[in-house]
DNA sequence: GCCCATAGTTGAACGTGTTCAAATTCAGCT
DNA sequence: AGCTGAATTTGAACACGTTCAACTATGGGC
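Protein chains in written order, with the working numbering: chain A, 166 to 403; chain B, 166 to 403.
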């Protein structure tokens, strides 16, 4: 009675998937701005209005892009992580493969951040606790930590996945702006920052750093909570 | 012969200023998205095309907003700085007045960052070495440092104005997203981060931190240089 | 077999930012 | 006074994202 709705929602899902595939393909080939909703609809063989029936706006197509990207990255990085035991090596692997995965979308990614940085945008990666992609991404950094043979105090260990995710967002932001050949600058930045991060984490784990560490972590928690509460009222307005 | 071109460029400057004033006023009252170029042109008493003759795009109107904001902030903060002697107090003063100054534009500011975060945007505050507003803003933090009675090693002292500017950008970013009453959260964040920054600067100035400090500063310089070189090729395309 | 609520689909229409060829004004020159 | 080229100004036109009232298909209930 409630399970056998094969056609009811089935048709819609199919059309939605078709539009999404078409859009992502065109984004990859021509970039975001150069891909019009009309062109997507036409190539997908549906009407313009139909595309808007499934995606409230052009921006919402980007959310699907986030998801796709993360899945691809996971598939690449998880097997590689099994061979790396130190925190530094594991972080390096994650960051390098992340950039590798994003490469085909370099042009497209610029727009991604432009819209994501807007507070009212539904794509703002810092808002909306329930965003599954972000949670999954933070989860990956938790896994990076778990598998590493390193002693880290519990208070820091709790917040580190989130902090590493923020760091990783920073690297991505740099990569978006990086027009050097083969994005060498970004890879070099990853090498340097991971090395530095590794040292900082060890320093912060030192017992005599405890008071300063505690203070910094309190701040981090406050920031994170604020980010999650923010923009709540704007859901109604939209 | 070359000084007396009163009317030649004078007329244009006048029209340009008129359009700008009108636009900023409407931005403040209705927000950026709700202010159309047509409305600006009409209120300014010029044609739509004329507005585009002086401002290549709607975004270019924002650049003037940056400038205006900084000038206002300077006028407020410079007198106040004369009474503050410690680094911490001086930083607090600068940051608090910054938010005070921006308050009337809270809604508008969201869009500002949205466009500014786009790598190809002419407003990207990290690109374009020659951006005068950014230089002036960094200069303010240099002044904050100069007037403070604190011993800081030369290598750090050189980079600190830039680093403080980046920090200040982070606070502004938070403020844009902050919908708490009277932006209390932002002011609280400023209190906490300035306190932390003060401690970190003292820690980093400690002789035994020298190697780590050197490494971190090398990274900072590289990042800064990269940001300045970036997006150069895109000037042609635009 | 008919009905109807719901899911799905359509394309015209709106308002927007932006472009551009043409018209107009203006200062200096003859 | 008239000419010339540059600066300025115009408004129609374009392409786009988005909305919406209307239409069609579908499948479960009688």
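For every residue, glycine included, the Cβ atom is placed at its ideal position computed from N, Cα and C. Note that this is a predicted model, so its numbers are computed, not measured.
Check                                                                                                                                             : Outcome
DSSP three-state assignment for residue 294 of chain B, whether helix, strand or coil                                                             : Any reading at residue 294 of chain B must be qualified, since the residue scores a pLDDT of 48, below 50, and its modelled position is unreliable; no value is offered.
For residue 333 of chain A, the nearest candidate out of A/323, A/351, A/211 (CA to CA)                                                           : A/351
For residue 200 of chain A, the first and last residue of its enclosing alpha helix (DSSP H)                                                      : Residue 200 of chain A -> no alpha helix (DSSP H), and no H or E assigned at all.
For residue 363 of chain A, the nearest candidate out of A/225, A/374, A/230, A/315 (CA to CA)                                                    : A/315
Three-way DSSP call (helix, strand, coil) for residue 166 of chain A in this model                                                                : Because residue 166 of chain A carries a pLDDT of 34, less than 50, the predicted location of this residue cannot be relied on, and no value is offered for it.
Neighbourhood of residue 210 of chain B by C-beta, 6 Å cutoff - its chain only, sequence neighbours within 5 removed                              : none
Contact set for residue 219 of chain A: own chain, Cβ-Cβ below 7 Å, skip 5 residues either direction                                              : 180, 181, 184
Residue 300 of chain B versus residue 235 of chain B: straight-line alpha-carbon distance, rounded                                                : 11 Å
Validate contact between the stretch 367–377 of chain B and the stretch 254–268 of chain B using beta carbons, cut 8 Å, 3 pairs                   : no
Cβ-based contacts, 9 Å cut-off: residues of the stretch 357–369 of chain B near chain A                                                           : 357, 358, 360, 361, 364, 365, 368
Cβ neighbours of residue 238 of chain B in the same chain (closer than 7 Å, five flanking residues each side left out)                            : 262, 263, 266
CB contact below 9 Å: residue 387 of chain A versus chain B                                                                                       : yes
Stretch pair the stretch 371–391 of chain A + the stretch 315–325 of chain A: three plus CB contacts closer than 8 Å                              : yes
CB contact flag (residue 306 of chain B, residue 259 of chain B, <9 Å)                                                                            : yes
Chain-ordered chain A contacts of residue 380 of chain B [CB-CB under 9 Å]                                                                        : 357, 360, 361, 364
CB contact below 9 Å: residue 400 of chain B versus chain A                                                                                       : Legend: pLDDT at residue 400 of chain B = 35, less than 50; position of this residue unreliable, value from coordinates given subsequently. By this cut-off, residue 400 of chain B is not an interface position.
Residue 339 of chain B at chain A interface by Cβ criterion, 9 Å                                                                                  : yes
Residue 193 of chain A at chain B interface by Cβ criterion, 9 Å                                                                                  : no
As assigned by DSSP and simplified to three states, the class of residue 224 of chain B                                                           : coil
Spatial neighbours of residue 216 of chain B in its chain, beta-carbon cut-off 7 Å, leaving aside the 5 residues before and after                 : 184, 202, 205, 206
Euclidean distance between Cα positions of residue 252 of chain B and residue 176 of chain B                                                      : 47 Å
Alpha-carbon to alpha-carbon, residue 354 of chain B and residue 254 of chain B                                                                   : 15 Å
Proximal residues, the stretch 248–260 of chain A versus chain B, C-beta separation under 7 Å                                                     : none
9 Å Cβ cutoff, residue 294 of chain A in contact with chain B                                                                                     : Reliability fails at residue 294 of chain A, whose pLDDT of 47 lies under 50, so the model's placement of it is uncertain and the value that follows must be treated cautiously. It does not: the Cβ of residue 294 of chain A has no partner Cβ on chain B nearer than 9 Å.
Where residue 303 of chain B falls: helix, strand or coil (DSSP)                                                                                  : helix
Cβ-based neighbour list, residue 345 of chain A, same chain, cut-off 8 Å, excluding 5 preceding and 5 following                                   : 351
Beta-carbon neighbours of residue 325 of chain B, restricted to chain A and to distances below 7 Å                                                : The contacting residues do not exist; residue 325 of chain B stays about 18 Å from chain A at best.
Environment of residue 313 of chain A [buried if 16+ CB atoms lie within 10 Å]                                                                    : buried
Contacts around residue 178 of chain A, its chain only, beta-carbon distance under 6 Å, and the 5 residues preceding and following it disregarded : none
Spatial distance of residue 277 of chain A from residue 227 of chain A (CA atoms)                                                                 : 7 Å
Per-residue contacts from residue 350 of chain A into chain B (C-beta, under 8 Å)                                                                 : 391
C-alpha distance - residue 195 of chain B paired with residue 275 of chain B, whole-angstrom precision                                            : 13 Å
Beta carbon proximity, residue 345 of chain A to chain B, threshold 9 Å                                                                           : yes
Residue from B/221, B/366, B/271, B/303 whose Cα sits closest to the Cα of residue 342 of chain B                                                 : B/271
Contact under 9 Å by Cβ, residue 221 of chain B with residue 318 of chain B                                                                       : no
Per-residue DSSP class, three states only, for residue 173 of chain A                                                                             : Legend: pLDDT at residue 173 of chain A = 46, less than 50; position of this residue unreliable, value from coordinates given subsequently. Residue 173 of chain A: helix per DSSP, three-state reduction.
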